[in-house]
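A short worksheet on the structure shown next.
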């Protein structure tokens, strides 16, 4: 057989997942000068881009424009996309291992972390991730319902996802009409009765996880006033000392922006958003659904490693709310037959090489993105992460640590023989074109298809 990595015998790699980390991994492989690589990318949905499509807020079109970079990767002659193909449902790990020299799992983190408090499963208590997927038109979540007849909402957490949820709830219909929010969400939000939104963080303003841009945007909403109780805005001694020892321009800028929100009145606006700091939820109360959230006051302490942590006190406060969204982090979900660390919510790995739970490296399997490291960072953070994993793969190719394969049948023929209705990248572009044309006709960036059958119909598969 000819040398691996040549035109006659290209290195064959399957990328499972088509979000940022998957595309960055594919791009890095395709740019190799001394190894010719053939990439097949799989996604369980007919649509590519992962959380860029299903997670980034609909009013953040500039962030979504990163897909133009991924389109260039997809246009490479050695790249193929196969959407509507799910590992574990349509194809198996063993089938992929027989067909590819290497597998890269880049499936992201599809679940949420729980609070672990009494009442968490009451009606009206939801993961923020479900709400985000719902308003972004993810097919798995389109039929969910949220009781937007409630006047008061609590959002637990103050990272960028929490801010996105708060902003969508606080936005006017005129503001939402300029976005690619799903039609079913737009209709529901038109009837929304939400008037007060509480965003609750367990630590202080200096530890808030939102970015400068996110917190600044809240102050620019047409119909919602943002306020922070003055008593909760002051920095405690632990935060002051930490900021002096470790100056952080991002934190300083956040604090500067938040000064404008101190004890601010509603200014005649229809809605109010209150940012609360140093509180943790300890219980959700209600009979038929959430009626109250019980909060516990925290103080900040520094542990032996210098980490600032929240410590509960005896002080409690109860706020009447009818809807609660927990936004305390995404969590990975196990893939069928692939090693998985339940505690960390990731595929166990050594710098991107997949391992057994005991640390033994598995030949020819790699991982990238959130399923590799956990849900941290922004879209761009996935680039160096994916590069690390790909470099491990290339090292293994050079050292001969790659298993032999038998791919006598093309991927398309293989999937057709299994009667899988797969979507190619050209098919996706038909869906994309139909969505953007519908959007332009309504003065919006796009109007998404939210049913898989509709997508497959447009794609002609």
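Residue numbers (the numbering used here): 626 to 1086. C-beta atoms are modelled at their ideal positions from N, C-alpha and C, and glycine is treated no differently. Keep in mind the model is a prediction, meaning the values are calculated, not measured.
Rounded Cβ spacing between residue i and residue j (contact assumed at less than 8 Å)
{"i": "residue 773", "j": "residue 831", "result": "With a Cβ gap of about 33 Å, residue 773 and residue 831 do not count as contacting."}
{"i": "residue 852", "j": "residue 897", "result": "7 Å"}
{"i": "residue 872", "j": "residue 917", "result": "At roughly 40 Å, the Cβ-Cβ gap does not stay under 8 Å, so residue 872 and residue 917 are not in contact."}
{"i": "residue 787", "j": "residue 753", "result": "6 Å"}
{"i": "residue 1071", "j": "residue 1060", "result": "4 Å"}
{"i": "residue 1030", "j": "residue 724", "result": "6 Å"}
{"i": "residue 956", "j": "residue 970", "result": "4 Å"}
{"i": "residue 921", "j": "residue 938", "result": "7 Å"}
{"i": "residue 722", "j": "residue 1026", "result": "14 Å between Cβ atoms; not a contact."}
{"i": "residue 802", "j": "residue 833", "result": "With a Cβ gap of about 30 Å, residue 802 and residue 833 do not count as contacting."}
{"i": "residue 669", "j": "residue 711", "result": "4 Å"}
{"i": "residue 675", "j": "residue 630", "result": "That belief does not hold up - the Cβ atoms of residue 675 and residue 630 are roughly 28 Å apart, past 8 Å."}
Residue environment, residue i, which counts as buried when at least 16 other CB atoms sit within 10 Å
{"i": "residue 735", "result": "buried"}
{"i": "residue 958", "result": "exposed"}
{"i": "residue 925", "result": "buried"}
{"i": "residue 698", "result": "buried"}
{"i": "residue 1005", "result": "exposed"}
{"i": "residue 838", "result": "exposed"}
{"i": "residue 719", "result": "exposed"}
{"i": "residue 741", "result": "exposed"}
{"i": "residue 1038", "result": "exposed"}
{"i": "residue 817", "result": "buried"}
{"i": "residue 842", "result": "buried"}
{"i": "residue 815", "result": "exposed"}
{"i": "residue 775", "result": "buried"}
{"i": "residue 1096", "result": "Outside the modelled stretch of the chain, which goes from 626 to 1086, sits residue 1096, for which no answer is possible."}
{"i": "residue 794", "result": "buried"}
{"i": "residue 658", "result": "exposed"}
Member of the options whose CA lies at the smallest distance from the CA of residue i
{"i": "residue 989", "options": "861, 1052, 1015, 837", "result": "1015"}
{"i": "residue 640", "options": "992, 1065, 1058, 1061", "result": "992"}
{"i": "residue 1020", "options": "727, 684, 673", "result": "727"}
{"i": "residue 954", "options": "999, 921, 889, 974", "result": "999"}
{"i": "residue 850", "options": "858, 822, 910, 827", "result": "822"}
{"i": "residue 932", "options": "858, 1066, 866", "result": "866"}
{"i": "residue 789", "options": "888, 816, 836", "result": "836"}
{"i": "residue 864", "options": "894, 829, 893, 891", "result": "829"}
{"i": "residue 683", "options": "708, 796, 693, 741", "result": "796"}
{"i": "residue 893", "options": "952, 820, 870", "result": "820"}
{"i": "residue 911", "options": "1080, 722, 743", "result": "743"}
{"i": "residue 1083", "options": "1067, 718, 1053, 668", "result": "1053"}
{"i": "residue 653", "options": "935, 729, 764", "result": "729"}
{"i": "residue 791", "options": "1074, 844, 767, 763", "result": "844"}
{"i": "residue 1068", "options": "804, 1003, 881", "result": "804"}
{"i": "residue 763", "options": "1086, 1078, 1085", "result": "1078"}
{"i": "residue 997", "options": "966, 895, 638", "result": "966"}
Span separating the alpha-carbon of residue i from that of residue j
{"i": "residue 861", "j": "residue 781", "result": "21 Å"}
{"i": "residue 798", "j": "residue 848", "result": "10 Å"}
{"i": "residue 636", "j": "residue 645", "result": "22 Å"}
{"i": "residue 770", "j": "residue 738", "result": "20 Å"}
{"i": "residue 705", "j": "residue 664", "result": "6 Å"}
{"i": "residue 642", "j": "residue 1049", "result": "14 Å"}
{"i": "residue 747", "j": "residue 778", "result": "14 Å"}
{"i": "residue 1087", "j": "residue 883", "result": "For the chain, the structure presents residues 626 to 1086; residue 1087 sits outside this window and is missing."}
{"i": "residue 672", "j": "residue 1055", "result": "11 Å"}
{"i": "residue 840", "j": "residue 963", "result": "39 Å"}
{"i": "residue 930", "j": "residue 757", "result": "34 Å"}
{"i": "residue 825", "j": "residue 905", "result": "7 Å"}
{"i": "residue 808", "j": "residue 700", "result": "30 Å"}
{"i": "residue 1063", "j": "residue 976", "result": "43 Å"}
{"i": "residue 1046", "j": "residue 1040", "result": "8 Å"}
{"i": "residue 680", "j": "residue 761", "result": "7 Å"}
{"i": "residue 943", "j": "residue 903", "result": "14 Å"}
{"i": "residue 1057", "j": "residue 692", "result": "12 Å"}
{"i": "residue 858", "j": "residue 885", "result": "11 Å"}
{"i": "residue 936", "j": "residue 708", "result": "46 Å"}
{"i": "residue 765", "j": "residue 1081", "result": "15 Å"}
{"i": "residue 588", "j": "residue 647", "result": "Coverage of the chain is limited to positions 626 through 1086, which leaves residue 588 absent and any answer about it impossible."}
{"i": "residue 613", "j": "residue 751", "result": "There is no way to answer for residue 613, as the model of the chain reaches only from 626 to 1086."}
{"i": "residue 948", "j": "residue 687", "result": "30 Å"}
{"i": "residue 694", "j": "residue 923", "result": "44 Å"}
{"i": "residue 901", "j": "residue 1024", "result": "55 Å"}
{"i": "residue 812", "j": "residue 806", "result": "10 Å"}
{"i": "residue 995", "j": "residue 982", "result": "18 Å"}
Contact set for residue i: own chain, Cβ-Cβ below 6 Å, skip 5 residues either direction
{"i": "residue 649", "result": "1007, 1008, 1011"}
Beta-carbon proximity list for residue i, same chain, < 8 Å, skipping 5 on both sides
{"i": "residue 913", "result": "748"}
{"i": "residue 980", "result": "964, 973, 974, 986, 987"}
{"i": "residue 1043", "result": "715, 716"}
{"i": "residue 1034", "result": "1042"}
{"i": "residue 888", "result": "852, 853, 854, 855"}
Own chain, CB closer than 7 Å to residue i, minus 5 neighbours either side, in chain order
{"i": "residue 627", "result": "633, 634"}
{"i": "residue 978", "result": "986, 991, 1017"}
{"i": "residue 1036", "result": "665, 705, 707"}
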